[in-house]
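S.K.: These protein sequences, in sequence, are chains W and C.
Count along the first sequence from 1, then add 19; that gives the number in the numbering used here.
Count along the second sequence from 1, then add 405; that gives the number in the numbering used here.
I have a structure I would like to understand better, so I am pasting it below and will then ask my questions one at a time.
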Amino acid sequence: MSPPTSTGPAATPTGSKLTRVLGSLSLAFLAIFLLFGLMLSPPEVSQREAVRLFYIHVPSAVIALYLAFGLTAVGSVVYLRKRSTFWDLLAWSAAEIGVLFCAFTLVTGMLWGRPTWGVFWKWDPRLTSTAISFVLFIGYLAVRQLDLTPEARSSRAAVLGIIGFLNTIVVRFSVSWWQSLHQGTTLNPVDTQMDGLHLLSFFLGFATLALVFSWLLVHRFRVAWLAHQAGEAGLDRALAERRAEATGRTV
Amino acid sequence: MRVRSELLADAWLVASKDLRIERSSRVVASQVLPFGLIVLILFGFGISPDRRVVEADRTVLEQVAPGLFWLTVFLASLLALGRSFAIESADGSLEALRLTGLDPGGVFLGKSLAVAAELLVLEALLGAGALLLYGAPLGHPFLLMVVVVAATASIAAAGTLYSALASGSRVRDTLVPVLVLPALAPALLGATLATEAALFGPPSDGWPWAGLLGAFAVLYFGAGMLSFGLMLEET
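Written out as structure tokens, the structure is:
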């Protein structure tokens, strides 16, 4: 196999005007967020310094579970209806970044739990259901790697993308219900009363992580798209070569 | 109406085929069932049978018997599901099944019903084993029966759907548990809590969970029947 030439799809950078703007904005927001999150905002009354983790934990959870996996579900529905490569690859990219954000949510959640609850893991409905969704979508990523035809892989992944999202909702509901029977309310990040600098830092965290998510998503999507194009180009080239061989023999 | 009866006829054909294969090969009976029994016994080793829950005046083993029983069933069901699709993967049987022109929804229904039937027998025997080994009382048999049926339907439907998702692939055996177990987490929770209520009471605590199991089974039967055609497409 010959190395890709400079005109081939493999040599195209995945950066574009959009990603450069998104990337610069992400970095700028990250700097402002760090300033507010770590320095300007004071410790909170009940969570004390741990509140700083909460500025990144909650946004990454919302982005992973609702935005990313929701996008995977929507992309999967559209793919099954229209068989559009765009939506298929978007669903895949969103799931991959979603799993990353989900892992980040779990790690920050446990780090937050240690000073707040005294333990790394409490069977808190949010933490528990996030862990289950995390494994479910790792399964989705595994289905994307199955040794089947690309079409079979995409349609099976799409089925899983939709059912996985619905299942995530059932998991969340059942775990909350289970926990409501067993224990009183634990200190809940979302119920915390926030004002002033806390609230500003929280929204900055949201904006920053949303920007980072979009930035990574666009890049991941472009990589997936180029890999798809390269696959198709490789197939076309192989077909053309075989055809040339065949005509060469008959002439 | 005609379409409906054809679907059921197709389901019956597939289910009876799978059960006939089991009757002659006895893989579930001679391998999956012993696996379940040994898991029940090993749980006893893991938890230590003499430890007591003071406030409930029961042994720990008796207290956690519902959860252990269902965990055992879930683990054994992975083997039963593996078997259900192993018989399709040999000699291109899945291809053949696709070419028969049977309704894919019917094929899904048939395969899940065959798994459900095998699981029901397994549960009856493992349940008897759990009662003997863990010594839990049989408080409310009617609730227990409803829970067993709803949980079995949930496991069979979700399990068949996820096994189909991984079918035709070389990594099926390792992938199916990763897909099935997290998806079944709500079913394990519901089955355990409803069984707890059925054994120790009050049964009114168990009925809502039985309802959740029922809804879960309906969701997966629906999803499986709708999407099974896609899984049978060329791989």
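Even for Gly, the Cβ is constructed at its ideal location relative to N, Cα and C.
1. Which word fits W/P144, buried or exposed, when buried means at least 16 other C-beta atoms lie within 10 angstroms of its C-beta?
2. Going by C-alpha to C-alpha distance, which of C/G510, C/L593, C/G544 sits closest to C/V419?
3. Excluding the 5 residues flanking C/S498 on each side, which residues of the same chain have their C-beta closer than 8 Å to its C-beta?
4. Within its chain, find whatever has a CB closer than 8 Å to the CB of W/L125; leave out the 5 residues flanking it on each side and keep chain order.
5. Give me, in chain order, the residues of the same chain whose beta-carbon lies closer than 7 Å to that of W/N186; leave out the 5 immediate sequence neighbours on both sides.
6. Drop a sphere of 10 angstroms on the beta-carbon of W/V40, count the other beta-carbons inside from all chains shown, and report buried for 16 or more, exposed for fewer.
7. Would you call C/V585 buried or exposed, if buried means 16 or more other Cβ atoms sit within 10 Å of its Cβ?
8. Going by C-alpha to C-alpha distance, which of W/E260, W/L228, W/L258 sits closest to W/A50?
9. Figure out for me which residue from W/G117, W/V190, W/T135 has the closest Cα to the Cα of W/L160.
10. Output the boundary residues of the alpha helix (DSSP H) element that contains W/K141.
11. Select from C/Y625, C/A561, C/A461, C/G619 the residue whose C-alpha is nearest the C-alpha of C/A522.
12. Counting only beta-carbon separations shorter than 9 Å, does C/M636 have a partner in chain W?
13. Any contact of the stretch 594–601 of chain C with the stretch 530–538 of chain C, i.e. 3+ C-beta pairs under 8 Å?
14. Does the distance from the CB of C/L527 to the CB of C/A485 come in under 9 Å?
15. List the residues of chain W whose Cβ lies closer than 7 Å to the Cβ of C/S632, in chain order.
16. If we ignore side chains and look at the alpha-carbon of each, how far apart do C/I426 and W/V190 end up?
17. Go to W/Y74, then tell me how far its alpha helix (DSSP H) extends in each direction, as first and last residue.
18. Could you list which residues in chain W have their beta carbon closer than 7 Å to that of C/A588, in chain order?
19. Secondary structure at C/R431, three-state DSSP: helix, strand or coil?
20. Using a cut-off of 8 Å between C-beta atoms, extract the partners of W/W197 located in chain C.
21. How long is the line joining the alpha carbons of C/L410 and C/L507, rounded to whole angstroms?
22. Can you find a CB in chain C that lies within less than 9 Å of the CB of W/D166?
23. Distance, Cα to Cα, W/L59 vs W/F222?
24. Expressed to the nearest angstrom, what Euclidean distance is found between the alpha-carbon atoms of W/G132 and W/V138?
25. Helix, strand or coil for C/T505 per DSSP?
26. In angstroms, rounded to a whole number, what distance separates the CA positions of W/S195 and W/L72?
27. By DSSP, does W/R102 sit in helix, in strand, or in coil?
28. Going along the chain, which unbroken runs of the alpha helix (DSSP H) with 4 or more residues stay wholly within the stretch 417–483 of chain C?
29. Taking C-beta pairs closer than 7 Å, name the residues in chain W that C/R463 reaches, listed in chain order.
30. Taking only beta-carbon atoms, is C/R428 less than 9 Å away from chain W?
31. Please decide whether C/E500 counts as near chain W, where near means a Cβ-Cβ distance under 9 Å.
32. Should the stretch 564–578 of chain C be called in touch with the stretch 427–439 of chain C, which here means at least 3 C-beta pairs below 8 Å?
33. Taking just the CA atoms, how far does C/L549 sit from C/L401?
34. Could you check whether the Cβ of W/L254 sits closer than 9 Å to any Cβ belonging to chain C?
35. Please report the distance separating the alpha-carbon of C/L473 from that of C/F448.
36. Who are W/L67's beta bridge partners in DSSP?
M.R.: Reading it off the structure:
1. buried
2. C/G510
3. I492
4. L146, T149, A150, F153
5. L155
6. exposed
7. buried
8. W/L228
9. W/G117
10. No alpha helix (DSSP H) contains W/K141, which DSSP labels as neither H nor E.
11. C/A561
12. yes
13. no
14. yes
15. V178
16. 35 Å
17. 70–81
18. L155, N186
19. coil
20. L594, L598
21. Note on residue identity: the sequence assigns Ser, not Leu, to residue 410 of chain C. Each residue's alpha carbon lies about 12 Å from the other.
22. yes
23. 14 Å
24. 6 Å
25. coil
26. 23 Å
27. coil
28. 438–452, 465–468
29. Near C/R463 there are no residues of chain W at all, since even the closest Cβ is about 18 Å away, more than 7 Å.
30. no
31. no
32. no
33. Residue 401 of chain C lies beyond the stretch modelled for chain C, which goes from 406 to 640, so this question has no answer here.
34. no
35. 7 Å
36. According to the sequence displayed, residue 67 of chain W carries Arg and not Leu. Its beta-bridge partners are W/E63.
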